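K.L.:
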Amino acid sequence: MTMRADHLEIEEAARLWAIRAQDPAFAEWEGFTEWLERDPAHLAAYEAALADADWAAGLMALAPTPVQAPVATSRPRWWFGAGAAIAAGIAAVGGWAVLDREAPAQQIATAPGEHRTIDLADGSQIALNGATRVTIDPDTPRHVVLDQGEARFAVRHDASKPFVVMAGTTRLLDAGTVFNVVRDGEALEVAVAEGAVIYQPGSREVRLAPGDTLKRAGSGAAPVVGRANPQTIGSWASGELQYDNASLEQVARDLTRSLGRPVRTADGVGKLPISGTLRLEGSPEEVLARAGPFLGVRFVKNGEGWTMSPAHGAPR
1 MTMRADHLEI EEAARLWAIR AQDPAFAEWE GFTEWLERDP AHLAAYEAAL
51 ADADWAAGLM ALAPTPVQAP VATSRPRWWF GAGAAIAAGI AAVGGWAVLD
101 REAPAQQIAT APGEHRTIDL ADGSQIALNG ATRVTIDPDT PRHVVLDQGE
151 ARFAVRHDAS KPFVVMAGTT RLLDAGTVFN VVRDGEALEV AVAEGAVIYQ
201 PGSREVRLAP GDTLKRAGSG AAPVVGRANP QTIGSWASGE LQYDNASLEQ
251 VARDLTRSLG RPVRTADGVG KLPISGTLRL EGSPEEVLAR AGPFLGVRFV
301 KNGEGWTMSP AHGAPR
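Okay, so the sequence shown: first residue is 1 according to UniProt numbering, each after it adds one.
So this is what it looks like as structure tokens:
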């Protein structure tokens, strides 16, 4: 099938779904959602079908009175003219999500070990690590709240509309940037791969350049600025963990977030340094089987997780 024919087939399917979905008796929501999730082009075609005035006018004449959904949601059961309001405003499609700009502020969360990417309308992108939650208001998508966990932000710079990340009461202002933020309660870590981030804009602001890191142990603690290899910052988002003289304690924390299972270090080994790249492909057991020889440790099962212990002396 040619690309043009394939495109026409998608357009026709989108029109059919749009017509059928407005019927109050329509019950194929699971199949409809599965079709939308199969290919990002399906969502765009569906929204284009809804916006097509040539046939939409005819649908309006035939459209029944909207049937209200259950009390749990205020959205009408038929979605004509409302955009693709999938899953209460968030369509999760193969690990990425699209915001419904007509919905109220949405919380997007990942389960332990799950990764997800959110594409914003301005071209910016947010990658969520495991056990992470962000809140985004579609009306102000360049103002994101990191409620918990770890997120990598690739921001399209717009001087007239600054991109702001709130982590508790801490404000991070983008200056055209790729940066990583970890929030664990009131503890905060920020690392900049590209561009710049301004920590707490104001009289006591800290400007972070590529390779700069900032760590704060708690809300009242003073921020500590350090350095890292920019290429290693947020590497988890591309399916690997890259280290340049990092501690095994840091590796354990990263594995915990990425695998969704607790990984700890045995006494006396947490501060030992490591450099190199660890791939995250496969099950937790497969990842750790590769990590053991690389880190010079063995992973001992401990309840739901593992403990790192030296395999043959100090890790290399």
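Glycine residues also receive a C-beta, built at the ideal position from the N, C-alpha and C atoms. These numbers were taken from a predicted model, which means no experiment stands behind them.
If you draw a straight line from the alpha carbon of D147 to that of L8, how long is it in whole angstroms?
P.N.:
Their backbone Cα atoms lie some 42 Å apart in a straight line.
K.L.:
Keeping to the same chain, check which residues put their C-beta closer than 6 Å to that of L288; ignore five residues upstream and five downstream.
P.N.:
Within the same chain, L288 has close Cβ partners F299.
K.L.:
Looking at the secondary structure, which residues open and close the alpha helix (DSSP H) in which R38 lies?
P.N.:
Segment 29 to 38, the alpha helix (DSSP H) holding R38.
K.L.:
If we call anything under 8 Å between Cβ atoms a contact, is V251 one with L295?
P.N.:
Yes.
K.L.:
Going by the DSSP bridge assignment, what does T213 pair with across the sheet?
P.N.:
Per DSSP, A191, G226.
K.L.:
Just verifying my parser: in three-state terms, what is the DSSP assignment at I233?
P.N.:
Correct three-state label for I233: coil.
K.L.:
Taking D254 as the reference, which of G268, D267, T232 has the closest Cα?
P.N.:
Minimum Cα distance to D254 is reached at T232.
K.L.:
Report the option in R227, S275, G195 whose CA atom is closest to the CA atom of L248.
P.N.:
When only C-alpha atoms are compared, the closest one is S275.
K.L.:
Are the beta-carbon atoms of V134 and A151 separated by less than 8 Å?
P.N.:
A contact, by the Cβ cut-off of 8 Å.
K.L.:
Please list, in chain order, all residues of the same chain as A111 whose beta carbon is under 8 Å from its beta carbon, the five residues on each side excluded.
P.N.:
These residues qualify, in order along the chain: G130, A131, G260.
K.L.:
For A209, tell me which candidate among G218, V192, G220 has the shortest Cα-Cα distance.
P.N.:
Among G218, V192, G220, the Cα nearest to that of A209 is on V192.
K.L.:
Thinking C-beta only, is Q106 closer than 8 Å to T117?
P.N.:
Taking 8 Å as the Cβ cut-off, T117 and Q106 do not qualify as a contacting pair.
K.L.:
Who are the Cβ neighbours of D39 in its own chain at under 8 Å, not counting the five residues just before and after it?
P.N.:
The residues are I10.
K.L.:
Is it buried or exposed, V67, if we count other Cβ atoms within 10 angstroms and call 16 or more buried?
P.N.:
Confidence is the limiting factor: at V67 the pLDDT is only 35, short of 50, which leaves the residue's position unreliable and the question unanswerable from this model.
K.L.:
Check L259 in the structure and name its three-state DSSP category.
P.N.:
Helix.
K.L.:
Could you name the residues of the same chain whose beta carbon sits closer than 6 Å to that of H157, not counting the 5 residues immediately before and after it, in chain order?
P.N.:
Excluding residues within five positions, the ones whose Cβ falls inside 6 Å are G176.
K.L.:
For D184, is the classification buried or exposed, using 16 other Cβ atoms within 10 angstroms of its Cβ as the cut-off for buried?
P.N.:
Answer is exposed; the Cβ neighbour count stays below 16.
K.L.:
Hey, quick one: how far does the alpha helix (DSSP H) through V287 stretch, first residue to last?
P.N.:
V287 -> alpha helix (DSSP H) spans 284 to 295.
K.L.:
Note down, in chain order, each residue of its chain lying with its Cβ closer than 6 Å to the Cβ of D244, except the 5 sequence neighbours on either side.
P.N.:
Result list for D244: N229, T232, S275, in chain order.
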